[in-house]
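Numbering (UniProt numbering), first residue to last: 1 to 67. A virtual CB, placed ideally from N, CA and C, is assigned to each residue, including glycine. Below you'll find the structure, written out as C-alpha cells, and then a few comments.
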Amino acid sequence: MKTLIQKIRQGAGVISKIGKGVSNLPDYESYVAHIKQHHPEVAPPTEAEFFTDFLDKKYGASAKRCC
Numbered sequence: 001m002k003t004l005i006q007k008i009r010q011g012a013g014v015i016s017k018i019g020k021g022v023s024n025l026p027d028y029e030s031y032v033a034h035i036k037q038h039h040p041e042v043a044p045p046t047e048a049e050f051f052t053d054f055l056d057k058k059y060g061a062s063a064k065r066c067c
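The following block contains the structure:
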C-alpha cells in the first residue's frame with residue numbers, strides 16, 4: 001500500500017507533466033529514455049543543453065533574452 005508521501009510525489013509528477021505539456025515544454029526524461037533505447041551510441045545532452053537547444057530552435061539562437 002502506498003504511503004501518503006508516495007501518492008503526493010506521484011501526483012506532483014503527473015501535475016508537472018501536464019504543466020509541461022500545456023506550456024509546450026519538452027519532457028527531458030522521456031527524451032533521454034528514447035535516446036538510450038533507440039540510439040544507444042549517442043550520448044544524450046545534459047538537461048541544460050537540451051532546454052537551451054529547444055529554446056534556440058523555438059526562438060532562434062540569436063534571440064535576445066531578458067535574463
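Minimum C-alpha distance to residue i - residue among the options
| i | options | result |
| --- | --- | --- |
| Y31 | Y59, L4, D53, G60 | D53 |
Reduced DSSP secondary structure (H/G/I, E/B, other) of residue i
| i | result |
| --- | --- |
| E29 | helix |
| G60 | coil |
| E41 | coil |
| residue 71 | Residue 71 is absent from the model: the chain starts at 1 and stops at 67. |
| T46 | coil |
Cβ-Cβ distance between residue i and residue j below 9 Å
| i | j | result |
| --- | --- | --- |
| P26 | K36 | no |
| E41 | Y28 | no |
| residue 85 | K17 | The chain is shown from 1 up to 67; residue 85 falls before or after that span and cannot be answered. |
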